[in-house]
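Worksheet for the structure shown next.
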Amino acid sequence: VNSIITLTTDFGLSDPYVGIMKGVILGINPGACIVDICHQVEAGSVINGAAMLEEAYGFFPKGTIHVAVIDPGVGGVRRPIVARTRDYFFVGPDNGLFWPIFEKETDVTVIHLTREAYFLPHVSRTFHGRDIFTPVAAHLSLGADLLSMGRTIMDPVVLRMPVAHQEGDVLHGQIIRMDHFGNLITNISEQDLVRFAATGHVTVIVGQMIIKDIKGAYSESAKGEALALMGSSGYLEIAVNQGRAGDLLGADSRRPTGAPVSIRLKAED
Amino acid sequence: VNSIITLTTDFGLSDPYVGIMKGVILGINPGACIVDICHQVEAGSVINGAAMLEEAYGFFPKGTIHVAVIDPGVGGVRRPIVARTRDYFFVGPDNGLFWPIFEKETDVTVIHLTREAYFLPHVSRTFHGRDIFTPVAAHLSLGADLLSMGRTIMDPVVLRMPVAHQEGDVLHGQIIRMDHFGNLITNISEQDLVRFAATGHVTVIVGQMIIKDIKGAYSESAKGEALALMGSSGYLEIAVNQGRAGDLLGADSRRPTGAPVSIRLKAED
Amino acid sequence: VNSIITLTTDFGLSDPYVGIMKGVILGINPGACIVDICHQVEAGSVINGAAMLEEAYGFFPKGTIHVAVIDPGVGGVRRPIVARTRDYFFVGPDNGLFWPIFEKETDVTVIHLTREAYFLPHVSRTFHGRDIFTPVAAHLSLGADLLSMGRTIMDPVVLRMPVAHQEGDVLHGQIIRMDHFGNLITNISEQDLVRFAATGHVTVIVGQMIIKDIKGAYSESAKGEALALMGSSGYLEIAVNQGRAGDLLGADSRRPTGAPVSIRLKAED
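Chains as they are written, first to last, in our numbering: chain W, 4 to 272; chain L, 4 to 272; chain S, 4 to 272.
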C-alpha cells in the first residue's frame, strides 16, 4: 500500500463535489497523495468511465488506490465494492465500472462493502463518493485490511463492452469515444488488426471517410487530411493532422460514440 | 494549523491564474498541500461562491486554510481579510463571501489584512489572489499569527442569501444553483421542510413541473421522471432519474438561479 | 532541484491523458509535487502555450521543473528537449514553446533528449508527454543530471511572437488571448506604453471600442463600461467592469487572438 489515491468521476468541474471528496480523504489520511484521472466522464456512462480507467490505471505505481464514481444507481440496490488485484485497489459502485480490469487481471478479490466503521458517520442516499468510497480509500491508504470491510463476492456485475468482430472480409468495430482533439478512438486493438490483416494494407471506412493504410504518426498525413493510426492507448484511432476527425463524421458528429468503423483488405493486396 | 490550503475561485481553467497562485504558495511553503474546491464559480457571483464554500469547508480537517477569490471589487475600496473560526482559517475579499460561515460559526475573529510583509513585494490592483490572499495563506500554513496581520474588524460585509419563507399554506423558496448533472438545488433546508410539513406529504411546484412527495433516492422514480429529494448538501433538490431537471424548467432553463419553488401540503392530507 | 513538476498542455480535461502523465511521474518519483498550470491551451497553439508559460513560470520556487506539451509535431522530426536556466528546468518539444523564456533568461543550456534510459520502455509516436517528457522530468526531480540526457544544442527553434511597433503617431499591437472573464490581453507591455506616451494620456482603439486613458483598476470605470489597464501579467488589457470585453469585439468576438489594437496620443495633449 502506498498513499496514492486516484479519482475518476462524472462530477464535472463546476461543483464542489470533487473538492469535498478530497477533504474527506485528507480528514482521514492527511498524508494521502490525491490524483485526478478525469472528472468529465460522460454523465452516467459506465462504459465511458470503464474505458478511461482501463486506459489509465496501469500507469500508476503499485499499491495505488483507484476510486471511480460513475454511479447512476446510487441509493438503490447496487452494491458498493472494494477490489484488490495483484498491484492495485479499486473502490466504487458494483455496476461494471471495473469489469474490464477484473477480466484482464489475475488474482482479483472483490468485497461487498458493509462495515460502516469505514464510512462517514452519516451515509446519504445520493453521494456515496463522499460517504462511502473516499473514506474507504483513505482507510485503505492507512493500511486497513480490505478483508475486514465486508464479505467476498463472486458475482460482480459484468460490463458488456462492444468488441470488434470479423464478418467475411470485413472487420467491424465502433467508435468508443472522441477525445479533446477530436480524435476518434475505436475498439479495434492492435491484436485485432494484426489478426485480420498482418500486412496492414487495409482501407478504413468511418462515416463518409475512406482512409487508406495505417500510418505511424499524425505528421505522416498532409495537414487537414484524415488518417488512421494505432493510438497511444493501443487501439486504432481516426485522426486529422492538425484538425478534428470528429468534424468529418457527418451525421454522427454530435454523438460519435457507437458510430460504426469497418476495415477492408485493400483490393490490390 | 496543518498545511492544507484550499482554493475556490471564479478564474476558470483556461488561464494560468490558478497555477500561478499555486506557485506563489509553494514559493513560501514548499510543503503546503493545495486542494482545489472549485474554479468555475459563476464569474463575479459572490452568492454562488459563498454557497459552494459553505457546502464544502466543513469536510476538511481542522486547521485547513480556505482561500476564496470571487472578487469583482478588486483594486477598489473593499478590504482584504483573514478570519479564524474554531476549526478553520479563511482568506479573501471582504465582500460577503464568508458571511454564511461567519453566521454559523462561533468564535469568529476577522482581521483587515494590512501588514505588507505577508504580501508579495509588488501588489497589483487586479490580482489580489496572487499578490495578497495566497501569500497570506502560505504564511498562515507556516504558523504565522493572524493577529499580526492587521487589526480586528467587527463589521465584515454581510451577504443577504435568499431564505425560504412560509406564506399561508405555501412554503416559498428558490433555486440556488444547477449542478453538472442538471440537478436544481434549492434554498429549502431539511429543517424548513420538517417545520412546514412533518409528514412529507407535499407537492413541489417548479416551473411547469408538479412533483408529488419527497423521495429518498434518484432511483425511486422512473427513468426520465422528475423527483424531489433531500440532496447531499442538506437542501431540497429537484432531479430527474438519469436525466436533467434543469431542462424541464421551461423559460428559466438557461438561468435557473433564482427560479421560484413552492411547496404545498397535499390536498388529501 | 526541488521536486515540484508543473504541467502545461493542450490536452483538455475530458480525457485521461493528464492523469496518466501524473501516474508516470509518481511511478518514478512517488514524492513529486505535481502542479497543473493549464491544460486548456488552445489545441496546437504553440504561441498560446508559450505566452501562458512565460506568464506563470517565474512564480514558482527555484528548481521547479516545467513540463509543457503543445506538440502538433509529435512523432515527426521535431526534437524532444530539456533545458536549464539559472532557476528552472523545462522539458518538452523543440518547437518554440520555451523560446520567449530562453530569450529572457541568461545561462540557458538546451539538451536534445536522446538517452532512452530516461524514457518509458516503449515510446509511442503519438504521446511523448507520457513516454518521454514526464519520465525525464521525474528523473530530473530525483537529481539526474541533464547533461547525461543527450547532447547540447545551440539552435533551438525560434518562436516569432508578434511584437508591438510604433508607426508615426500610432502604437500598433494585437490581442494575444482572451481570458475566462472575457478580458483581452494585448502584446503591449508597460515599457512599450511608457516609451510611446509617458503621460498615459492616450486613446485605445480595439474593434469598435474607443477607450480614453489607462485606468488603474476595473472599478475605476462604470459598470458595463470598457476600460484599458495594465493587467496582472504586465501587458495592456482591455476589460469591462463586471462584463466581458470580448463580447464588444464585433466581428472578431469569436476569434479574438490576433485582432488589432492601436493606441493614439490624445489630441488635446
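Backbone N, C-alpha and C define an ideal beta-carbon position, used for all residues, glycine too.
Environment of residue i [buried if 16+ CB atoms lie within 10 Å]
| i | result |
| --- | --- |
| H131 of chain S | buried |
| G34 of chain W | exposed |
| M181 of chain S | buried |
| G227 of chain W | exposed |
| Q177 of chain L | buried |
| V94 of chain W | buried |
| L150 of chain S | exposed |
| G78 of chain S | buried |
| G22 of chain W | buried |
| D272 of chain L | Caution applies to D272 of chain L, whose pLDDT of 45 falls short of 50 and renders its modelled position unreliable; the value that the coordinates give is listed next. Classification of D272 of chain L: exposed, given that the 10 Å Cβ count is below 16. |
| M233 of chain S | buried |
| H183 of chain S | buried |
| A120 of chain S | exposed |
| D13 of chain L | buried |
| D39 of chain W | buried |
Helix, strand or coil at residue i according to DSSP, with G and I counted as helix
| i | result |
| --- | --- |
| K25 of chain S | helix |
| A201 of chain W | coil |
| E228 of chain L | coil |
| D134 of chain W | helix |
| N32 of chain W | coil |
| A71 of chain S | strand |
| N244 of chain S | coil |
| K218 of chain S | strand |
| I104 of chain L | helix |
| D272 of chain W | Low per-residue confidence applies at D272 of chain W: pLDDT is 45, beneath 50, and the placement is therefore not dependable enough to give any value. |
| N98 of chain W | coil |
| Y238 of chain S | strand |
| A86 of chain S | strand |
| H168 of chain W | strand |
| L150 of chain S | helix |
| L56 of chain L | helix |
Residue i at chain W interface by Cβ criterion, 8 angstroms
| i | result |
| --- | --- |
| D74 of chain L | no |
| V197 of chain S | no |
| A53 of chain S | no |
| D182 of chain L | yes |
| F130 of chain S | yes |
| I68 of chain L | no |
| L232 of chain L | yes |
| N5 of chain L | yes |
| R133 of chain S | yes |
Chain S contact for residue i (CB, 8 angstroms cutoff)
| i | result |
| --- | --- |
| P64 of chain W | yes |
| V291 of chain W | In the structure displayed, chain W extends from 4 to 272; residue 291 of chain W sits before or after that span and is not available. |
| P33 of chain L | yes |
| H115 of chain W | no |
| S192 of chain W | no |
| L16 of chain W | yes |
| G79 of chain L | yes |
| I104 of chain L | no |
| S144 of chain W | no |
| Q211 of chain W | no |
Proximal residues to residue i (C-beta, below 6 angstroms), its chain only, five neighbours per side dropped
| i | result |
| --- | --- |
| T117 of chain L | G153 |
| P75 of chain S | G47 |
| W102 of chain W | V161, L162 |
| I241 of chain L | L187, V209, A231, A248 |
| I156 of chain L | V113, H115 |
Cβ shell of residue i (< 7 angstroms), same chain only, five flanking positions each side left out
| i | result |
| --- | --- |
| I179 of chain S | A54, I188, T189, N190, T260 |
| T137 of chain W | M24, V27, I28, V70 |
| Y238 of chain S | I188, T189, N190, I191, S192 |
| A167 of chain L | L174, H175, G176, N190, I191, D195 |
| G253 of chain L | G210, Q211 |
Spatial neighbours of residue i in its chain, beta-carbon cut-off 8 angstroms, leaving aside the 5 residues before and after
| i | result |
| --- | --- |
| R89 of chain W | E108, T109, D110 |
| S236 of chain S | E58, I188 |
| L143 of chain S | V4, I68, V85, F92, V94, L149 |
| L123 of chain S | V27, R133, D134, I135, P138 |
Chain L within 8 angstroms of residue i, Cβ atoms only
| i | result |
| --- | --- |
| L10 of chain W | no |
| A59 of chain S | yes |
Contact between the stretch 216-233 of chain L and the stretch 5-13 of chain S: three or more CB pairs below 8 angstroms? no
Select from the stretch 215-226 of chain L all residues with a C-beta closer than 7 angstroms to any C-beta belonging to chain A, and list them in chain order. Structure shown: chain A not included; protein chains present are W, L and S.
Check whether the stretch 244-260 of chain W touches the stretch 195-208 of chain W, counting contact only when three or more Cβ pairs, one atom from each stretch, lie closer than 8 angstroms. no
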